[in-house]
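Residue numbers (our numbering): 144 to 448.
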């Protein structure tokens, strides 16, 4: 199992995910472990951080992608002609996968923001294709990987995720895989890619190599309760055990707890909120006046900025 108890990184006898995973191995004795809690005092605004640019994410439906249950997540293979173009090196896509909580999916993200845990988290994994021929060669190199992290919360129905979720009934058990039509992967990301957290960290599953340049988008995407709780499909129908096993093990709670920041600084491409707080106070005082509908509208915009 992968035990999620402590935050150390160890694969035990069988690499299936249970709710209490405990990672401890030589690979994570170093610092730079992930995930972390994005606490306000760790954040440093960097005006030089550009918006994330991705290329060839709108895949043709003529392409086929492999969707699999690897026993610890749902994983979708991605073609290497998809890549991030806004980093110092070209980072080509390899796969994306998900982390989520229990069946209610209310707390399952790996990264957190000032202690707030989102319903889930998607990771789009890329490798440094300028320097390494494939992800296997890049995975343990200090500049080997770049991961785009996307927070998921319960909200509006998301048709983009439906193109993936509707096939999950075909991968109910560990090591099952199916071919699915490709689609626009860009639609799985937030609408705007200019606000994000950036730091050096690690893989969050064994062997937890500290080889990842993390970009975690500030704005979450949404999926609906219907997409989550459908009794015959999606996350509720997944198992970490093999189909032939008599005792089934539900696949959920596959997230690692936040690790120590270890004096790391998290760069952010957006203001840390201090200016927004001042704005809120000013507009709030204005909005206390009667018939100030415009000010109330400004207050709502400002406080949710």
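Using N, Cα and C, we set each Cβ at its ideal position, and we do this for glycine too.
In chain order, what residues of the same chain lie with their CB nearer than 6 Å to the CB of residue i, ignoring the 5 residues before and after it?
i	result
residue 348	none
residue 437	Residue placement at residue 437 is poorly supported in this model, since its pLDDT is 45, which falls under 50; the coordinates are not used for a value here.
residue 187	408 and 410
Here's a check: name, in chain order, each residue in its chain whose Cβ is nearer than 7 Å to the Cβ of residue i, leaving out the five neighbours to either side.
i	result
residue 320	209, 210, 211 and 314
residue 330	303
residue 203	325
residue 296	261, 262, 363 and 365
Quick one: measure Cβ to Cβ for residue i and residue j, integer angstroms, because I've assumed they're closer than 8 Å.
i	j	result
residue 311	residue 380	6 Å
residue 242	residue 385	Actually they are not in contact, since the Cβ atoms of residue 242 and residue 385 sit about 22 Å apart, beyond 8 Å.
residue 207	residue 322	5 Å
Where do the N-terminal and C-terminal ends of the alpha helix (DSSP H) with residue i fall, by residue?
i	result
residue 412	Run containing residue 412: none; DSSP gives neither H nor E here.
residue 346	No alpha helix (DSSP H) contains residue 346, which DSSP labels as neither H nor E.
residue 278	278 to 281
List the endpoints of the continuous beta strand (DSSP E) containing residue i.
i	result
residue 366	364 to 366
residue 321	320 to 324
residue 466	Since the first residue of the chain shown is 144 and the last is 448, residue 466 is not available in this structure.
residue 207	207 to 212
Give me the DSSP bridge partner(s) of residue i.
i	result
residue 393	382
residue 235	226 and 270
residue 195	Residue 195 pairs with nothing; no bridge assigned.
residue 371	Beta-bridge pairing links residue 371 to no other residue.
residue 242	264
residue 304	DSSP lists no partner for residue 304.
residue 182	According to DSSP, residue 182 bridges with nothing at all.
residue 255	180 and 260
residue 358	291 and 341
Kindly list the residues whose CB is nearer than 8 Å to the CB of residue i, restricted to its own chain and excluding five residues on each side of it in sequence; keep chain order.
i	result
residue 301	364, 365, 366, 367 and 370
residue 196	227, 228, 229 and 336
residue 245	162, 251, 395 and 396
residue 354	281, 282, 283, 284, 285, 286, 287, 288, 345 and 346
Beta carbon of residue i: closer than 7 Å to some heavy atom of the ligand ZN?
i	result
residue 187	Absence of the ligand ZN from the depicted structure is noted, as is the absence of any ligand whatsoever, leaving it without description.
Pairs of beta-carbons, one from the segment 284 to 292 and one from the segment 259 to 272, closer than 8 Å: are there three or more? Contact between the segment 284 to 292 and the segment 259 to 272 is present, because at least three Cβ pairs lie under 8 Å.
Do the segment 174 to 186 and the segment 241 to 259 make contact, defined as three or more Cβ pairs closer than 8 Å? yes
Three CB pairs or more closer than 8 Å across the segment 401 to 411 and the segment 327 to 347: yes
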